[in-house]
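Worksheet: the structure to be examined is printed underneath.
In the numbering used here, the protein residues as written are 38 to 171.
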């Protein structure tokens, strides 16, 4: 388990407004010392496979993204021996039960519904911390 107050999270989010808010939310949380942002599942996979980057402590991905969506990216991540132990979280505006079921079956730690207010976004890091510390 990574040290508290020094976590690195990689966030995959294609919507720039949501990306700005979620990045700011994690930057404002003292438990996360590094926040990396990618725009889709392909960029997430490339980030994780690059020798230039250390593996993050946590991955948070949207589902509906261009090129490679969040579920496809997670399938690859969670079947990779070097990456499968990184806690992965999904957040999405979709409440489609089949998405949640796929995520649960793959071993995603939580399926979070994307909030509509800035204040509610601040709960996402707290929720993630409570799950990885459990």
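Cβ atoms here follow ideal geometry from the backbone N, Cα and C, with glycine treated the same way.
Please read these numbers as outputs of a predicted model, since none were measured by experiment.
Exercise. Under three-state DSSP, which class holds residue 97?
Worked result: Position 60 of the chain shown, counting from 1, holds the residue named residue 97. Note: residue 97 maps to strand in three-state DSSP.
Exercise. According to DSSP, is residue 105 helix, strand or coil?
Worked result: Against the chain shown, residue 105 aligns to sequence position 68. When secondary structure is reduced to three states using DSSP, residue 105 falls in the coil class, being assigned neither helix nor strand.
Problem set entry | residue 116 versus residue 80 - alpha carbon distance | Residue mapping note: residue 116 aligns to position 79 of the chain shown, counting from 1. Residue mapping note: residue 80 aligns to position 43 of the chain shown, counting from 1. Computed Cα separation, rounded: 17 Å.
Exercise. Quick one: what's got a C-beta closer than 6 Å to residue 75's C-beta in the same chain, skipping five residues either side?
Worked result: Here residue 75 corresponds to residue number 38 of the chain shown, with the count starting at 1. 49, 81, 84.
Exercise. CB-CB under 8 Å to residue 73, same chain, minus the five flanking residues each way: which ones, in chain order?
Worked result: In the chain shown, residue 73 corresponds to position 36, counting from 1. If we look at residue 73 and ignore the five residues flanking it on each side, its Cβ neighbours are 45, 46, 47, 48, 84, 90, 93.
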